[in-house]
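Counting along the sequence shown from 1, when you hit position 55 you're at 138 in the working numbering, and nothing is skipped either side. Glycine included, every Cβ here is placed at the ideal spot set by N, Cα and C. Written out below as structure tokens is the structure these notes cover.
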Amino acid sequence: MTTGVRRRMGVEERRQQLIGVALELFSRRSPDEVSIDEIASAAGISRPLVYHYFPGKLSLYEAALQRASDDLAARFVEPHEGPLGARLLRVMRRYFDFVEEHGPGFSALMRGGPAVGSSTTNALVDSVRQAAYVQILSHLGVTDPPARLELVVRSWISLAESTALIWLDGRRIPRRELESQLVNDLAALVAVSAAYDEEMAALLRSMVEDEPADGPFADLAGRLVALAS
Numbered sequence: 084m085t086t087g088v089r090r091r092m093g094v095e096e097r098r099q100q101l102i103g104v105a106l107e108l109f110s111r112r113s114p115d116e117v118s119i120d121e122i123a124s125a126a127g128i129s130r131p132l133v134y135h136y137f138p139g140k141l142s143l144y145e146a147a148l149q150r151a152s153d154d155l156a157a158r159f160v161e162p163h164e165g166p167l168g169a170r171l172l173r174v175m176r177r178y179f180d181f182v183e184e185h186g187p188g189f190s191a192l193m194r195g196g197p198a199v200g201s202s203t204t205n206a207l208v209d210s211v212r213q214a215a216y217v218q219i220l221s222h223l224g225v226t227d228p229p230a231r232l233e234l235v236v237r238s239w240i241s242l243a244e245s246t247a248l249i250w251l252d253g254r255r256i257p258r259r260e261l262e263s264q265l266v267n268d269l270a271a272l273v274a275v276s277a278a279y280d281e282e283m284a285a286l287l288r289s290m291v292e293d294e295p296a297d298g299p300f301a302d303l304a305g306r307l308v309a310l311a312s
């Protein structure tokens, strides 16, 4: 019988392993509930060795958060092909995939956790919001957004965050319905703003002009017409 020999990891390889292990644990439970001992055990190393790579749980949490924020920001990237409503729906599905995969960690980040309030955490959260903002503007075909559009898109991003947090508390509404609702929420916010501004009205017309009959925007219009009648 031969005995397996544990392979020594390089410094960066070990750091990345610890980040991955920590992110997995933080995704299942609030970071406040995860100890360095648990992280060390899951990584198959000693507690002192964890401190060799990270000075404390806060620094490891911030490193895991950096990886998670990069992942979340990437989920807003979508090829500019096909109707806008379908594109945004695919983005929302990937967004809720992330929320579901990292539920407790997502909640801890948005509601309060060991690194909340630190400059690093705030910068990471803001970077995700900014990435989402830039991507949505790109899909709308706008490079220099007027004040009303900036307000609409940033408000919608905040709405998506709060919707995801509320959904995690019991998941009482089917996820697919919420994804569609959020896509339509963006259209509704633009529509309300369009009532006060011709530039926003022109944007609204461009959003729906190529929308197919089975697309989310057309579905919303049909539901509203049915309610009115």
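Spatial distance of residue i from residue j (CA atoms)
| i | j | result |
| --- | --- | --- |
| tryptophan 239 | valine 266 | 9 Å |
| leucine 286 | glycine 305 | 20 Å |
| serine 202 | tyrosine 134 | 22 Å |
| leucine 106 | alanine 156 | 16 Å |
| valine 104 | glutamate 184 | 14 Å |
| proline 131 | leucine 223 | 51 Å |
| arginine 112 | leucine 269 | 31 Å |
Buried or exposed by the 16-neighbour rule on C-beta atoms within 10 Å, applied to residue i
| i | result |
| --- | --- |
| aspartate 218 | In the sequence as displayed, the identity of residue 218 is glutamine instead of aspartate. The residue in question, glutamine 218, is buried, as its Cβ has 16 or more Cβ neighbours within 10 Å. |
| glycine 168 | buried |
| proline 299 | buried |
| alanine 146 | buried |
| isoleucine 249 | exposed |
| glycine 188 | buried |
Spatial neighbours of residue i in its chain, beta-carbon cut-off 8 Å, leaving aside the 5 residues before and after
| i | result |
| --- | --- |
| arginine 158 | Val174, Arg177, Tyr178, Asp180, Phe181 |
| serine 129 | Ala123 |
| valine 94 | Tyr136 |
| glycine 87 | Any answer about glycine 87 is weak, because its pLDDT of 38 lies below 50 and its placement is not dependable; what the coordinates show is given next. No residues qualify anywhere along the chain. |
Contact belief for residue i with residue j at Cβ below 8 Å, rounded distance in angstroms
| i | j | result |
| --- | --- | --- |
| serine 276 | methionine 283 | 4 Å |
| leucine 232 | valine 225 | 6 Å |
| valine 211 | serine 152 | 5 Å |
| leucine 108 | glutamate 121 | 6 Å |
Close-in-space but distant-in-sequence residues of the same chain around residue i (CB under 7 Å, 5 per side omitted)
| i | result |
| --- | --- |
| glutamine 149 | Leu207 |
Neighbourhood of residue i by C-beta distance below 6 Å, restricted to the same chain and skipping five residues each side
| i | result |
| --- | --- |
| alanine 125 | Val104 |
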